[in-house]
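All you need for our numbering is the position in the sequence shown, starting with 1, plus 547.
Yeah, the Cβ is synthetic: ideal placement off N, Cα and C, and Gly gets one too.
What follows is a set of notes on a single structure, which appears directly below.
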Amino acid sequence: MSIPGYRVTATGKVYSTDHNWRGYGEREMRQHPNSYGYPSVRLTIDGRRKRLAVHRLVAQCFLPPKPSPAHQIRHLDGNKTNNAASNLAWGTAAENAADRDLHGRTYKGERHHWSRAAIARATGAGA
């Protein structure tokens with residue numbers, strides 16, 4: 548998939564190519580975290596501004612087509628900011644959940660903020 552006026556690299560960078568910004572022909576777009584912490588860029592498509600997640604752009608450009616509508620993009624190393632094509636893969640929700648467990652990003656047991664131990668630590672009361 549190509550986006551007119553923009554170039555996406557396999558390392559996860561997005562460049563503006565059409566817009567002659569202060570005399571520069573091409574410039575790297577700034578990436579800002581969205582509300583979920585994933586880097587995103589603001590692109591102008593058909594005259595409308597859209598904020599798109601960088602990992603989705605990289606997946607659409609460098610990964611094989613999405614196997615099914617239920618598939619999601621997985622970060623193989625568990626790092627949301629590593630959007631290199633070599634770190635991305637299509638997977639199911641179950642595979643994504645297994646990745647969260649593998650990388651320690653699931654908050655279960657005492658790590659969960661509503662656990663008795665966590666509440667006791669926060670309030671200073673005994674559990």
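First through last residue of the alpha helix (DSSP H) which encompasses residue i
i	result
Ala645	640-649
Helix, strand or coil at residue i [DSSP, three-state]
i	result
Ser563	strand
Arg652	coil
Ala557	coil
Ala636	strand
Thr628	coil
Start-to-end residues for the beta strand (DSSP E) that takes in residue i
i	result
His618	Taken as a continuous stretch (DSSP letters only), His618 belongs to no beta strand (DSSP E), as it is neither H nor E.
Sequence-distant residues of the same chain with beta carbon closer than 8 Å to residue i, five excluded per side
i	result
Ala636	Leu610, Ile620, Arg621, Leu623
His618	Trp637, Gly638, Thr639
Contacts around residue i, its chain only, beta-carbon distance under 7 Å, and the 5 residues preceding and following it disregarded
i	result
Val555	Val561, Leu604, Val605, Cys608
Residues near residue i by beta carbon distance below 6 Å, same chain, minus five either side
i	result
Lys597	Leu590
Ile592	none
**Report entry** Start-end ranges of the beta strand (DSSP E) lying completely within the stretch 576-605, minimum 3 residues
**Finding:** 586-592, 595-600
Query raised in the report: Is there contact between the stretch 646-653 and the stretch 612-629, where contact requires at least three CB pairs shorter than 8 Å?
Result: yes
Query raised in the report: Any chance the stretch 608-618 sits against the stretch 570-577, with 3 or more Cβ pairs inside 8 Å?
Result: no
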